[in-house]
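Residues in the sequence shown are numbered consecutively from 0, following numbering that gives the first Met the number 0. This report refers to the structure that appears directly beneath it.
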Amino acid sequence: MSIQENKLFIRRYFDMFNQGGAEAVAQLITDQHLKDHIAFFEGAFPGYQLSAREMVAEGDKVVVDALMTGTHEGPLMEMSPTGKAIKVPFIIIYRLAGGKIVDHTMVADQAGLMQQLSAT
């Protein structure tokens, strides 16, 4: 796929995810680590949403400056649900092959997430 097609694929992936979660995008992912990551966060933040703030692509990779929003309604590690709304910025690099996400690298503001959940 071209660079523009790769970016369009990721935009569609985000749209599909926001409409139906992990089930909606399962056929687009072969990266088991990404599937596990999505399931982990769906458990703690059911129905969480993703928004792409900026996107660049090169070769088979698409880099997204993104934002995750949701409400803490399920356990997160040893933390009980707080009912608090969260906004977590993250950067994710997707590697695409054969019309699927085959690998990813992600850096998220985990400290900011924990601060939002513990704030009173």
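Here a beta-carbon is modelled for each residue, glycine too, at the ideal position from N, C-alpha and C. Values in this document were obtained by computation on a predicted structure and should not be read as measured data.
**OP:** Within its chain, find whatever has a CB closer than 8 Å to the CB of I85; leave out the 5 residues flanking it on each side and keep chain order.
**Re:** Numbered from 1 along the sequence shown, position 86 holds the residue referred to as residue 85. Exclusion of the five residues before and after I85 leaves F44, M67, T68, G69, T70, H71, L112, Q115, L116 as the residues of its chain whose Cβ lies within less than 8 Å of its Cβ.
Where does the unbroken alpha helix (DSSP H) through F12 begin, and where does it stop?
Locating residue 12 in the sequence shown gives position 13, counting from the first residue. Note on residue identity: the sequence assigns Tyr, not Phe, to residue 12. Element bounds for Y12: 2-24.
query = For the candidate residues D35, L7, Y47, whose alpha-carbon lies nearest to that of G20?
reply = In the sequence shown, residue 20 corresponds to position 21, counting from 1. For G20, the nearest C-alpha among the options comes from Y47.
| said: I'd like to confirm the pairing. Which residues does DSSP put opposite H103 in its beta bridges? | reply: Taking the first residue of the sequence shown as 1, we reach residue 103 at position 104. H103 is bridged to Y93.
Less than 8 Å separating the beta-carbons of A51 and V62?
Walking along the sequence shown from the start, residue 51 turns up at place 52. Walking along the sequence shown from the start, residue 62 turns up at place 63. No, the Cβ-Cβ distance between A51 and V62 is not below 8 Å.
*Under the DSSP definition of a beta bridge, which residues are partnered with M175?*
As displayed, the chain neither begins before 0 nor continues past 119, which places residue 175 out of reach and without an answer.
* Over the uninterrupted alpha helix (DSSP H) stretch that includes M76, give me the two end residues. => Your numbering for residue 76 matches position 77 in the sequence shown. Note, M76: premise wrong, no alpha helix (DSSP H); not H, not E.
Inset, instruction - Would you identify the three-state DSSP class for G42, choosing helix, strand or coil? - result: Numbered from its first residue, the sequence shown carries residue 42 at position 43. In this structure, DSSP gives G42 a helical state, which the three-state scheme calls helix.
Inset, instruction - For D102, collect the residues of the same chain with a Cβ closer than 7 Å to its Cβ; drop the 5 residues on either side in sequence, then sort them by chain order. - result: The residue given as residue 102 occupies position 103 in the sequence shown. Closer than 7 Å at the Cβ level, and outside the excluded window around D102, lie D30, R94.
message: I need the boundaries of the alpha helix (DSSP H) containing G98, first residue and last residue.
response: Here residue 98 is taken as the residue at index 99 of the sequence shown, counted from 1. Run containing G98: none; DSSP gives neither H nor E here.
Beta-carbon within less than 8 Å of M121's beta-carbon, same chain only, minus the 5 sequence neighbours each way: which residues are those? With the chain covering only 0 through 119, there is no way to say anything about residue 121.
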